[in-house]
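What follows is a set of notes on a single structure, which appears directly below.
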Amino acid sequence: MSTAISIRLPEDLSKKLDELARATERPKTFLIREAIEAYLTEYGDYRLALDRLLDKDDEIISGSELRKRLGL
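Using the working numbering, read the sequence shown as starting at 200 and increasing by one per residue.
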(Lines of atoms letter the chains of each structure in order from A; the text may use other names.)
(Lines give C-alpha, C1' and ligand atoms only; values in the text may rest on other atoms or scores of the structure.)
Protein backbone atom coordinates (compact mmCIF):
# COMPACT_ATOMS: atom_id res chain seq x y z
CA MET A 200 0.00 0.00 0.00
CA SER A 201 1.27 3.50 -0.71
CA THR A 202 0.47 6.90 0.69
CA ALA A 203 0.19 10.10 -1.34
CA ILE A 204 2.16 13.09 -0.08
CA SER A 205 2.07 16.59 -1.48
CA ILE A 206 5.19 18.77 -1.33
CA ARG A 207 6.30 22.11 -2.72
CA LEU A 208 9.72 22.31 -4.35
CA PRO A 209 11.71 25.40 -5.21
CA GLU A 210 11.59 26.03 -8.95
CA ASP A 211 15.28 25.23 -9.49
CA LEU A 212 14.96 21.89 -7.72
CA SER A 213 11.81 21.07 -9.67
CA LYS A 214 13.63 21.79 -12.93
CA LYS A 215 16.53 19.54 -11.91
CA LEU A 216 14.06 16.78 -11.09
CA ASP A 217 12.35 17.21 -14.48
CA GLU A 218 15.71 17.09 -16.28
CA LEU A 219 16.81 13.96 -14.44
CA ALA A 220 13.48 12.26 -15.08
CA ARG A 221 13.78 12.98 -18.80
CA ALA A 222 17.45 11.92 -18.95
CA THR A 223 16.86 8.66 -17.09
CA GLU A 224 13.42 8.00 -18.57
CA ARG A 225 12.11 7.44 -15.06
CA PRO A 226 9.00 8.94 -13.47
CA LYS A 227 9.62 11.77 -11.03
CA THR A 228 7.86 9.78 -8.31
CA PHE A 229 10.39 6.97 -8.77
CA LEU A 230 13.31 9.39 -8.40
CA ILE A 231 11.77 11.06 -5.36
CA ARG A 232 11.10 7.70 -3.67
CA GLU A 233 14.68 6.55 -4.37
CA ALA A 234 16.08 9.82 -3.00
CA ILE A 235 14.01 9.58 0.18
CA GLU A 236 15.02 5.95 0.75
CA ALA A 237 18.71 6.81 0.32
CA TYR A 238 18.40 9.83 2.60
CA LEU A 239 16.65 7.91 5.36
CA THR A 240 19.27 5.16 5.27
CA GLU A 241 22.14 7.63 5.41
CA TYR A 242 20.44 9.81 8.04
CA GLY A 243 19.68 6.79 10.20
CA ASP A 244 23.34 5.74 10.12
CA TYR A 245 24.42 9.32 10.84
CA ARG A 246 22.07 9.66 13.84
CA LEU A 247 23.17 6.33 15.29
CA ALA A 248 26.84 7.32 14.98
CA LEU A 249 26.21 10.77 16.43
CA ASP A 250 24.17 9.41 19.34
CA ARG A 251 26.92 6.91 20.15
CA LEU A 252 29.57 9.60 19.87
CA LEU A 253 27.68 11.87 22.27
CA ASP A 254 26.93 9.05 24.74
CA LYS A 255 29.31 9.72 27.60
CA ASP A 256 28.89 6.13 28.85
CA ASP A 257 29.93 4.62 25.50
CA GLU A 258 33.61 3.73 25.49
CA ILE A 259 35.65 5.28 22.66
CA ILE A 260 38.70 3.30 21.58
CA SER A 261 41.39 3.90 18.97
CA GLY A 262 41.59 2.04 15.68
CA SER A 263 44.64 0.14 16.86
CA GLU A 264 42.83 -0.91 20.06
CA LEU A 265 39.87 -2.09 17.99
CA ARG A 266 42.13 -4.21 15.76
CA LYS A 267 43.82 -5.63 18.86
CA ARG A 268 40.47 -6.58 20.41
CA LEU A 269 39.37 -8.20 17.14
CA GLY A 270 42.63 -10.10 16.89
CA LEU A 271 43.68 -8.45 13.64
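Every residue gets a Cβ at the ideal spot worked out from N, C-alpha and C, and that includes glycine. Predicted model only: the values in this text are computed from it and were never measured.
Within the same chain, L208, K227, L230 and I231 come within 8 Å of L216 by CB-CB distance, once the 5 residues on both sides are set aside. In the three-state scheme derived from DSSP, where H, G and I count as helix and E and B as strand, S213 is classed as helix.
Note that the C-beta distance between D244 and R251 is not below 7 Å. Here R221 carries a helix assignment [DSSP, helix/strand/coil]. Secondary structure at K227: helix, using DSSP grouped into helix, strand and coil.
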